[in-house]
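Please read the structure below before turning to the comments.
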Amino acid sequence: MIDPTHVSPSPSMQMTDYHSRRLGISFASVGAHLGWVYLAGEIVYEFGRTEKEEWLRSLVSGQMATLVRDLEFMEPKSLGTFSEGGRDLKINIMRLPEGEVPVFALVVQEIEPELSKRNWEDLSNQVLTFCATGISLREKNLLDFPTIIEPIRKKIDRSLTKDQPAGVIAFFHLQDLSPFFKPLGVVKSQEILREVTATLHKETKENEFNFQLNPRSYFLFCPGETLDGANHRFGSLYFPSKHLILDYKLKIFPIDREILADDSRFSSIFIENF
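In this text, residue positions in the sequence shown follow this note's numbering: the first is 1, and each later residue adds one.
What follows is the structure, given as structure tokens:
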């Protein structure tokens with residue numbers, strides 16, 4: 001039988017009770033009998049239980065590569081139906097708009113009614129807040145990194161050309177924002193994160209790209225840029241947020257294909273600045 005009161009964040013997320021409860025309430029509010037959150041292919045949050053857990057895990061894992069490649073953001077996909085405890089249940093999964101690291105929300109609910117677009121949007125907001133907060137609390141474990149940094153490595157490699165064989169990664173490590181999350185609530189907390197991202201987007205040129213590992217760690221990759229040029233561009237950058245000016249540390253790393261090919265050197269940039 002499904003137990004909708006069961007809530008279990010991944011140990012690697014070290015999630016606070018507050019954010020776990022908030023996400024549990026969100027799954028319950030859309031009538032979920034079971035809800036899972038996938039981050040880079042790993043289940044990092046479980047709401048409810050099912051007797052068919054192993055079957056369901058295999059069903060999703062068998063399609064994960066296709067889902068990452070083909071599923072559009074915010075477009076729920078049906079994975080089928082099953083019966084349990086006298087109920088006919090359906091399985092839907094949706095990819096959330098979260099940058100380089102694939103994030104999916106899986107919902108098992110009764111056949112009717114269908115979840116509305118607003119239901120999915122509300123659940124998406126809670127899931128992304130959970131992931132953004134939780135990933136910043138992860139231990140610096142090398143086993144966590146391959147699924148996180150591999151898409152970044154590939155995108156950097158595609159950005160390097162014969163004319164621009166090297167570049168730099170500018171790393172922005174912001175002050176700890178977690179004290180703001182609980183008193184401000186989900187909406188205001190997300191506004192702070194969006195303002196940080198917006199500031200970085202303004203500094204990103206057409207051939208560059210930025211990515212966020214967690215609420216404190218932001219990277220901007222600049223092909224063709226030099227260390228001196230990047231220091232000149234970003235040395236005086238500031239992040240306004242409401243009535244605050246967020247403090248941060250700036251580090252800049254040179255990148256070329258030799259570094260990309262060396263797992264230890266490339267991974268160390270992220271491990272040391274996660």
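Glycine included, each C-beta is placed from N, C-alpha and C at the ideal position.
- Take every Cβ of the segment 232-240, pair it with every Cβ of the segment 256-267, and state whether three or more of those distances are shorter than 8 Å. no
- Task: Counting only runs of 3+ residues fully inside the segment 9-66, write out the beta strand (DSSP E) ranges in chain order.
- Result: 34-39, 42-47
- Query: For Y38, is the classification buried or exposed, using 16 other Cβ atoms within 10 angstroms of its Cβ as the cut-off for buried?
  - Reply: Stepping through the sequence shown from its first residue, residue 38 is reached at position 38. So Y38 counts as buried.
- Item | Straight-line gap, T161 to L227 (C-alpha atoms, nearest Å) | Within the sequence shown, numbered from 1, the residue matching residue 161 stands at position 161. Within the sequence shown, numbered from 1, the residue matching residue 227 stands at position 227. Cα to Cα, the separation comes out at about 18 Å.
- Provide the residue(s) that pair with I245 in DSSP beta bridges, ordered along the chain. Position 245 of the sequence shown holds residue 245. Looking at the DSSP assignment, I245 forms a beta bridge with P240.
- Of the residues G31, K205, I152, the one placed nearest S267, counting alpha carbons only: Sequence index remark: in the sequence shown, residue 267 carries index 267 (1-based). Ranking G31, K205, I152 by Cα distance to S267 puts I152 first.
- Task: Would you kindly report the start and end of the unbroken alpha helix (DSSP H) that includes D262?
- Result: Start at 1 with the first residue of the sequence shown, and residue 262 comes out as number 262. Element bounds for D262: n/a, residue is neither H nor E.
- Task: Inspect the beta-carbon positions of G41 and M74 and report whether they are closer than 8 Å.
- Result: Along the sequence shown, one-based indexing puts residue 41 at 41. Along the sequence shown, one-based indexing puts residue 74 at 74. Cβ distance not < 8 Å, so G41 and M74 don't count as in contact.
- Message: For D228, report the span of its alpha helix (DSSP H) as first-last.
- Response: On the sequence shown, position 228 is the one that residue 228 refers to. Taken as a continuous stretch (DSSP letters only), the alpha helix (DSSP H) holding D228 covers 227-234.
- Query: Within 10 angstroms of its Cβ, does Y45 collect 16 or more other Cβ (buried), or is it exposed?
  - Reply: In the sequence shown, residue 45 corresponds to position 45, counting from 1. Classification of Y45: buried, given that the 10 Å Cβ count is 16 or more.
- Return the chain-ordered list of same chain residues with a C-beta closer than 7 Å to the C-beta of N119, the five sequence neighbours on each side being excluded. Mapped onto the sequence shown, residue 119 falls at position 119. Result list for N119: V30, in chain order.
- Message: I'd like the list of long-range same chain contacts for V196, defined as Cβ closer than 6 Å, with 5 residues on each side in sequence excluded.
- Response: Position 196 of the sequence shown holds residue 196. F239.
- According to the Cβ coordinates, are F219 and A170 closer than 8 Å? Mapped onto the sequence shown, residue 219 falls at position 219. Mapped onto the sequence shown, residue 170 falls at position 170. Going by C-beta atoms, F219 is nearer than 8 Å to A170.
- Query: What is the rounded straight-line gap between the Cα of E54 and the Cα of S61?
  - Reply: Stepping through the sequence shown from its first residue, residue 54 is reached at position 54. Stepping through the sequence shown from its first residue, residue 61 is reached at position 61. The alpha-carbon atoms of E54 and S61 are separated by roughly 10 Å.
- According to DSSP, which residues form a beta bridge with V168? The residue given as residue 168 occupies position 168 in the sequence shown. Paired residues: C222, P254.
- Message: Out of F172, E112, P223, L213, which one is the CA nearest neighbour of T199?
- Response: As a first step, residue 199 must be located in the sequence shown, where it is residue number 199. It is F172.
- Task: May I ask you to report which of helix, strand or coil DSSP gives T161?
- Result: By 1-based counting over the sequence shown, the position of residue 161 is 161. Here T161 sits in coil by DSSP.
- Starting from N92, follow the beta strand (DSSP E) in both directions and report where the run begins and ends. Sequence index remark: in the sequence shown, residue 92 carries index 92 (1-based). From DSSP, the beta strand (DSSP E) with N92 extends over 87-96.
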